[in-house]
Amino acid sequence: DTDPRVIHPKTDEQRCRLQEACKDILLFKNLDQEQLSQVLDAMFERIVKADEHVIDQGDDGDNFYVIERGTYDILVTKDDQTRSVGQYDNRGSFGELALMYNTPRAATIVATSEGSLWGLDRVTFRRIIVKNNAKKRKMFESFIESVPLLKSLEDGQRFNPHLHFASEGPFIRPLVKITPTQFLYLWFKTACLSNNLSA
Numbered sequence: 066d067t068d069p070r071v072i073h074p075k076t077d078e079q080r081c082r083l084q085e086a087c088k089d090i091l092l093f094k095n096l097d098q099e100q101l102s103q104v105l106d107a108m109f110e111r112i113v114k115a116d117e118h119v120i121d122q123g124d125d126g127d128n129f130y131v132i133e134r135g136t137y138d139i140l141v142t143k144d145d146q147t148r149s150v151g152q153y154d155n156r157g158s159f160g161e162l163a164l165m166y167n168t169p170r171a172a173t174i175v176a177t178s179e180g181s182l183w184g185l186d187r188v189t190f191r192r193i194i195v196k197n198n199a200k201k202r203k204m205f206e207s208f209i210e211s212v213p214l215l216k217s218l219e220d221g222q223r224f225n226p227h228l229h230f231a232s233e234g235p236f237i238r239p240l241v242k243i244t245p246t247q248f249l250y251l252w253f254k255t256a257c258l259s260n261n262l263s264a
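Each step along the sequence shown adds one to the number in the numbering used here, with nothing skipped, and position 168 is 233.
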């Protein structure tokens with residue numbers, strides 16, 4: 066990597082709060098310890114006030130945000146009409162799509178209370194999280210290519226996984242829809258193939 070590592074110094078108290086806020090963030094689940102440490106080092110705290118716009122629809126993406134506390138409305142404007150399509154309540158994250166796909170912000174996020182966010186800059190997000198996801202997908206595709214049962218399937222069937230996470234670790238569910246009632250499951254933590262063709 067040619068980009069310099071970003072580090073925002075934190076107190077022990079801030080680091081503890083940040084780790085707590087990030088523990089259930091899906092995008093961080095498949096990072097190794099070194100990658101996660103770099104992500105946490107690069108994150109910065111942002112205190113927001115009620116009615117403050119965190120991001121605006123149509124803007125370029127600059128940061129990914131993890132919510133530590135506060136409530137936030139998700140607003141989408143279409144045909145000159147703005148409506149609320151959801152809310153974050155003291156947990157969650159937002160802003161990843163614009164960074165992952167280099168697209169404008171798809172929604173406006175407005176704080177409806179005083180709150181605290183942790184931001185991760187675009188460069189670090191792409192360097193660690195996007196590259197890691199691409200690497201995992203490549204590994205996944207290579208593995209799928211090596212499974213004889215899957216060789217006869219179309220690419221659209223083979224490479225359309227839905228990632229989920231359980232307490233045991235990451236798994237794919239369902240990997241392949243064989244028939245309307247048959248699915249194939251893969252469990253990566255134990256590095257074995259698990260068939261569940263009746264689920």
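Yeah, the Cβ is synthetic: ideal placement off N, Cα and C, and Gly gets one too.
- Here Thr173 is not near Ile112, since their CB atoms are 8 Å or more apart.
- For Ala115, the closest of Ala86, Ala176, Glu78 by C-alpha to C-alpha distance is Ala176.
- Per DSSP, Gln152 is one residue of the beta strand (DSSP E) stretching across 146–154.
- Contact between Glu133 and Ala171 fails: their C-beta atoms lie close to 23 Å from each other, not under 8 Å.
- Rounded to whole angstroms, Gly180 and Gly157 show a C-alpha spacing of 13 Å.
- Between the C-alpha atoms of Asp154 and Phe129 there is a straight-line separation of about 17 Å.
- The alpha-carbon separation between Pro69 and Val188 amounts to approximately 10 Å.
- Contact annotation, Pro169 with Asp138: C-beta distance approximately 19 Å; criterion of less than 8 Å not satisfied.
- Linking Trp183 to Val150 through their CA atoms gives a straight-line distance of about 23 Å.
- For Leu182, DSSP records a beta bridge to Arg111, Ile132.
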